[in-house]
Amino acid sequence: MTAPLSAATAGSTWSLQAENVSKTFAGQMALKGVDLSVAPGEVHALVGENGSGKSTFIKILTGYHRPDDGAVVTIAGERLAFGSADASYRAGIRVVHQDLGLVDSSSVLDNLSFNGGFRTRFGTISAREEAARARSDLELLGLSIDPRRLVRTLSPALRTGVAVARALRTDEQAPVRLLILDEPTATLPEDEVERLLEIVRTVASRGVGVIYVTHRFDEIFRIAQTVTVLRDGVNVASRPINGLDRRSLVSLLVGAELDETAAESAELNPAESAAAVRVRGLTIGRVRSFDLDVQPGEIVGIAGITGSGREALLAGIFGSAQRTAGTVTVDGVTVRADRPDHAVRAGVAYLPPDRKTQGAVMDLTVRENFSLADLKPIWRWPVIRRAAERQEAQSWLDRLSVRPQDALKRPLSTLSGGNQQKVLMAKWLRCSPRLLLLDEPTQGVDVPAKAILHHEIVEAARGGACVMVSSADTDELVALCHRVVVLANGRVVAELEGDAKTVAAISHHALA
Amino acid sequence: MSRRPVRLNLGLDRFSGLYLAALFIIVFGIWTPNLFLTQSTLHSVAAEQAITAMMGVALLIPLATGAYDLSVGATINMSAILAAQVQSQNHWGIAPAILLALGVSLLIGVVNGLIVVVFKVNSFIATLGMATVIAACQAIVTGSNQPLPPESTAWSNLTQQPLAGFQIVFLYMLVLAAIVWWVMTHTPAGRYMYAVGGNSEAARLSGINVGKWTWLSLIASAFICGIAGVFYSSLNGPSLTFGSGLLLPAFAAAFLGSTQLVPGRFNVWGTLIAVYVLAIGVKGIQLVSTVQWANDMFNGVALIVAVAFAVWRQQRKGRADASTADRQPARPDDPQPESVSSEPTFSGSPSS
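Taken in sequence, the protein lines are chains A and B. Residue 1012 is where the first sequence ends in this note's numbering, and the numbering goes up by one at each step. Residue 419 is where the second sequence ends in this note's numbering, and the numbering goes up by one at each step.
Structure, rendered in structure tokens:
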């Protein structure tokens, strides 16, 4: 990790120099005098919980928001004109958003050309010229992708790579100075992350400054030279990564959260008792003949890289995905395949990994989402008792500190990701499930929300639920679970408990 | 950041239909007070539109559940024809005739559901095909000859019986609307259907039997159309073709209705407001001019303008709370032009 800070001080201008950037929305300050500088070739991690001002800051750079008076932003020495996306583009700022903005059903080539325009000859797209140009743009990032492939057929990391390549397309009028990556790895499987990081390193090596927004700490240490922590719109710290370790970074953000989780979980110490959940010979996707017993009060973690079969396991146990073979029983009751409604009635709850497409009914209100899984307690002929429903929902929202205060009557889509996840967690916890299946329960969730979710998971186990957590976040599994089952190539390769249960051991078995 | 600035809210969006109705009444009331501001105008508008309103209410059930039912026009027509034909030709009594019409409508709903849920044909295609099949069946039954209207006064009194000046069919419509409103907003059935329509996968993973509720929603819409068909037949006499003419107004009402009262959600009272606002406007135009095309022109333009307005409002809102820019179309699998398919999903924040 050479510090490119020195390169900057050695005379070359900063890629980005932002001073005193503030932004007030309707009397509330979202950003308070933030300073931030990025040198050419530097990867600068930007972290902060949801609502800390990260996205506001980025939107000011991209010309979407106009900052309060007094802000000065220079890009490669040139003063940036605020409030114009066009001016930001011409200054050399490029952004890759989390959702990438690619057209999945089109080819890589077409995607690369959509905003740069096609090269035409006599009004016809010159296919050969375009393809050659696309190939060279991709190769600059170390990507060897056939530009004729459909984006849909690419792995998630390669898709991100294409989005980056598109953002970096050479434009003689506006050379790229600063690339902003907004949570590029949030939906990326673990083994794809390294590929993406490689792409980012390649970009930086070409002298482009990179702002890298992420919730994943391990990436920060793998890729960034500098990290800036935002909290409540204030730049809490901008530091070179060398002097930092994970713990100090966490404490900059919120305090020692995972430690607390680990302590809570360990103190639980599930008594040796008959297993309430028995999985026998489960075969689904890549997983073959999976056996597992879970006792009441026990939290079992499932680890494994993409391709290990981990993604489909919990859906298979729940019965929402088609099983090839195997049985699942909860308290002796068989959970049928392909009938989630039966599973829910048998006391199984499943929090799916993708909130937007599987977990939430975004246009319904928070209240309606909350009570969806079980309307019986509030339904008394002839109507659903709204007052009782509201009261029950509000008490859960208070318990999980869901923001904003009046969340209950809002459409779920208007809440932040972390708060949405809390609502969906509450939806299942209120049903007091016997088996709680949590697939990536804290994905894309900020640190304080994580702490609350972890606490609730432990509480559910304390209440006698059997809990299974499948997560790509190994730290989370170690802190939260009593036992971690590691999958590789569809088989269980290790079951780690007690002192054997460490991040290093899990990674070792998962990759072996 | 998640808080939007508090804006003065006169309910111009949620209640725009009511404001528009008031505007129509004032304009035409000044223009032609002797013709427009009369009890008979009130009564005739109420009765004439009762059938359209019932269809709109029927339609919103599958729409809320995320399914299109394009066979409502054919169903209502079939029901009306059957009820009249077996009485005038086969000398059936009123009650058996009605039961037959309702039974056939129910069957249509069951078949619609079967095609959509079991054979997994997109509802748009399935019900479009069924509409054509039903029309063919109707031609077989009638031999393409319009049946004579039944002669009994009991039959015409079924809907034309006056009640406080209104024809009683208006009351039937209100009762039907109230029942559907109750089901959709106050029972678990309604919750489940809205959830399925909002995100069927999330609904399924919440333990809701998506197929069952989709099926039931299609049965409900066909059955209510059957009832409406019987009433139409009693009110206006059987016609071989009226159903297709009611299809667009019914869709217009349901979609316009989803911009009213609870924006972003298909809802019963919004649908009724939409039906009657359009009807008041059309009535006014008919009274001040003699043109024949006012009805069609007015309905078509109103639908497009209202939906365009709703989409525009949604976009503005989307920009206002850009912090949650992760809105997505709820039903990407429906082959609808973009403006319409995004229409029922625009999410206004309900109430203040």
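Glycine is no exception: its CB is placed at the ideal position from the N, C-alpha and C atoms.
Taking 9 Å as the cut-off, the beta carbon of S138 of chain B is found no closer than this to the beta carbon of I294 of chain B. Bounds of the alpha helix (DSSP H) holding I128 of chain B are 117 to 131.
For the C-beta of D586 of chain A, not a single chain B residue is nearer than 8 Å; the gap to the nearest is close to 17 Å. Between G541 of chain A and S705 of chain A a beta carbon distance of about 7 Å is seen, short of the 8 Å cut, so the two are scored as contacting.
L980 of chain A carries a helical assignment under DSSP once its states are collapsed to helix, strand and coil. Residue-level contact check: R271 of chain B touches chain A, since one or more beta carbons of chain A fall below 9 Å from its beta carbon. The DSSP-derived three-state label of R788 of chain A is strand. Contact note: G265 of chain B reaches chain A through V861, M862, D863, L864, using a C-beta cutoff of 8 Å and chain order.
For chain B, the residues of the region 880 to 893 of chain A that bring a beta carbon within less than 8 Å of one of its beta carbons are P882, V883, I884, in chain order. According to the DSSP assignment, H954 of chain A belongs to the alpha helix (DSSP H) that extends over 947 to 962. At a cut-off of 9 Å between beta carbons, Q822 of chain A makes no contact with chain B.
Within chain A, no C-beta atom comes less than 7 Å from the C-beta of T326 of chain B; the nearest is roughly 14 Å away.
In the displayed model, Q156 of chain B falls within coil according to three-state DSSP, outside both helix and strand.
Within the same chain, and ignoring the five residues on either side of V703 of chain A in sequence, the residues whose Cβ sits closer than 8 Å to its Cβ are L641, V664, L668, L679, V710.
Counted as a single uninterrupted DSSP element, the beta strand (DSSP E) harbouring T827 of chain A occupies residues 825 to 830.
Taking a contact to require three or more Cβ pairs closer than 8 Å, the region 93 to 111 of chain B and the region 126 to 141 of chain B do not qualify as touching.
The residue from A:R633, A:L546, A:L561 with its alpha-carbon nearest to that of S522 of chain A is A:L561. Just so you know, the alpha carbons of A221 of chain B and A206 of chain B end up roughly 27 Å apart. E892 of chain A sits in a helix when the DSSP states are folded into three classes. If you draw a straight line from the Cα of I805 of chain A to the Cα of N144 of chain B, it comes to about 59 Å.
Using a CB distance below 9 Å, the part of the region 813 to 847 of chain A facing chain B consists of A815, F818, S820, R839, P840, D841, H842, A843, V844, R845, ordered along the chain. Assignment of D838 of chain A by DSSP, reduced to helix, strand and coil, places it in the coil class. Within chain B, the residues whose beta carbon sits less than 8 Å from that of Y850 of chain A are L272, listed in sequence order.
A residue is called buried when at least 16 other Cβ atoms come within 10 angstroms of its Cβ; R579 of chain A does not meet this threshold and is exposed. Non-local C-beta neighbours of L752 of chain A in its own chain, meaning closer than 7 Å and more than five positions away in sequence, comprise V729, V736, A737, ordered along the chain. In terms of beta-carbon proximity, E268 of chain B lines the interface with chain A, with at least one pair separated by less than 9 Å. At a Cβ-Cβ threshold of 9 Å, I148 of chain B and G331 of chain B do not count as neighbours.
Chain-order list of chain B residues neighbouring A873 of chain A: S273, G274, by C-beta distance under 7 Å. Looking at A:L938, A:S895, A:L980, the one whose alpha-carbon comes closest to that of A766 of chain A is A:L980. What E940 of chain A touches in chain B, judged by beta-carbon distance under 7 Å, is nothing: the nearest beta carbon there is about 14 Å away.
Per DSSP, the continuous alpha helix (DSSP H) segment holding T702 of chain A begins and ends at 690 to 705. Going by DSSP, C292 of chain B is part of the alpha helix (DSSP H) stretching over 277 to 303. When secondary structure is reduced to three states using DSSP, S738 of chain A falls in the strand class. Here the C-alpha atom of I128 of chain B lies approximately 37 Å from the C-alpha atom of I784 of chain A. Here C966 of chain A carries a strand assignment [DSSP, helix/strand/coil].
Secondary structure at N989 of chain A: coil, using DSSP grouped into helix, strand and coil.
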